[in-house]
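Engineer: Please see the structure below; I have some questions.
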Amino acid sequence: MHLTVEKFKRKRLDGEIDIPVVRLGADTQKAALGIHLNDLADYIDRQREKAAKEQNQLMGRAA
Numbered sequence: 023m024h025l026t027v028e029k030f031k032r033k034r035l036d037g038e039i040d041i042p043v044v045r046l047g048a049d050t051q052k053a054a055l056g057i058h059l060n061d062l063a064d065y066i067d068r069q070r071e072k073a074a075k076e077q078n079q080l081m082g083r084a085a
């Protein structure tokens, strides 16, 4: 899945992606944005849990 920066920002503002973003460097609009690796790992783990739950439901397995 390809996710552009603009699409990421929109999804984050809409609450579809729940992950903290920090500004790196000067506190201006042009500052680079970053995501802490622990926050990214937590997000990926949550997405995996959702996918595993959905897969188990599709396959008729108990959660």
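So for the sequence shown, my numbering puts the first residue at 23; every next one is plus one.
Ideal placement from N, C-alpha and C gives every residue a C-beta, glycine not left out.
Because the structure is a prediction, the values reported are computed rather than measured.
What is the rounded straight-line gap between the Cα of aspartate 61 and the Cα of valine 43?
Structural biologist: Here the question's residue 61 lines up with position 39 in the sequence shown. Here the question's residue 43 lines up with position 21 in the sequence shown. Rounded to the nearest angstrom, the two C-alpha atoms are 9 angstroms apart.
Engineer: Once DSSP output is grouped into helix, strand and coil, what is the label at leucine 35?
Structural biologist: Position 13 of the sequence shown holds residue 35. The answer is helix: DSSP assigns leucine 35 an H, G or I state.
Engineer: Please report the distance separating the alpha-carbon of alanine 53 from that of arginine 34.
Structural biologist: If you number the sequence shown from 1, residue 53 lands on position 31. If you number the sequence shown from 1, residue 34 lands on position 12. Near 18 angstroms, if we compare the C-alpha coordinates of arginine 34 and alanine 53.
Engineer: Return the chain-ordered list of same chain residues with a C-beta closer than 8 angstroms to the C-beta of glycine 47, the five sequence neighbours on each side being excluded.
Structural biologist: Taking the sequence shown and counting its residues from 1, one reaches residue 47 at position 25. Taken in chain order, the residues that qualify are Ala53, Ala54.
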